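Asker: What follows is a single structure, and I will ask about it in a moment.
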Amino acid sequence: MSVDAATVRRIAHLARIAVTEAEVPHLQGELNAMLAFVEQLSEVNVDGVEPMTSVTPMEMKKRPDVVNDGEIADAVVGNAPDTVNHFFVVPKVVE
Numbered sequence: 001m002s003v004d005a006a007t008v009r010r011i012a013h014l015a016r017i018a019v020t021e022a023e024v025p026h027l028q029g030e031l032n033a034m035l036a037f038v039e040q041l042s043e044v045n046v047d048g049v050e051p052m053t054s055v056t057p058m059e060m061k062k063r064p065d066v067v068n069d070g071e072i073a074d075a076v077v078g079n080a081p082d083t084v085n086h087f088f089v090v091p092k093v094v095e
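Numbered according to full-length UniProt numbering, the sequence shown terminates at residue 95, and the numbering increases by one at each position without gaps.
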């Protein structure tokens with residue numbers, strides 16, 4: 001895959017980056033080099049390779065999926081001017 005000058009301008013526009021005409025050829029070369037590297041990665045044989053989360057074999061730490069209030073509800077609403085049952089009370093703005 002190759003990036004042309006029009007594509008470089010379009011990418012710059014989408015990224016909201018000001019690119020002068022003199023910079024377009026340089027950026028075109030940079031983007032083509034990145035895409036060439038990604039294409040090289042697709043040639044690597046990864047059959048039988050397990051996905052991993054770290055370079056060393058380890059298991060992810062798991063915690064129980066339990067819904068709770070974090071046990072700090074009093075601290076969360078501690079500076080609020082008015083609360084009811086650990087909820088902030090705010091003035092009504094819609095009538």
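For each residue, glycine too, the CB sits at the ideal point set by N, CA and C.
The model shown is predicted, which means the values in this text are computed figures rather than measured ones.
Could you tell me which uninterrupted beta strand (DSSP E) segments, each at least 3 residues in length, are contained entirely in the region 12-74, listed from first to last along the chain?
Answerer: none
Asker: How about L41 and V8: do their beta carbons lie closer than 8 angstroms?
Answerer: Going by beta carbons, L41 and V8 fall outside the 8 angstroms limit.
Asker: Please work out which residues of its chain come closer than 7 angstroms, Cβ to Cβ, to D82, disregarding the five sequence neighbours upstream and downstream, and give them in chain order.
Answerer: Only residues of its own chain outside the window of five on either side were considered, and among them V89 have a CB closer than 7 angstroms to the CB of D82, listed in chain order.
Asker: Rounded to whole angstroms, what's the CA-CA distance from R10 to V55? Just pull it up for me.
Answerer: Rounded to the nearest angstrom, the two C-alpha atoms are 38 angstroms apart.
Asker: Please name the residue or residues paired with V84 in a DSSP beta bridge.
Answerer: F87
Asker: Does G29 get closer than 8 angstroms to chain B when you measure Cβ to Cβ?
Answerer: Protein chains in the displayed structure number just one, and chain B is not present.
Asker: Residues in the same chain with beta-carbon distance under 8 angstroms from V66, minus the five sequence neighbours each way, listed in chain order, please.
Answerer: In the same chain as V66, and ignoring 5 residues on each side of it, no C-beta atom comes closer than 8 angstroms to its own.
Asker: When the Cα of I72 is compared with those of T53, H86, P25, which residue comes out closest?
Answerer: H86
Asker: From this set, T20, D4, H13, K62, which residue's C-alpha is nearest Q28's C-alpha?
Answerer: D4
Asker: For S2, tell me which candidate among M34, A18, I17 has the shortest Cα-Cα distance.
Answerer: M34
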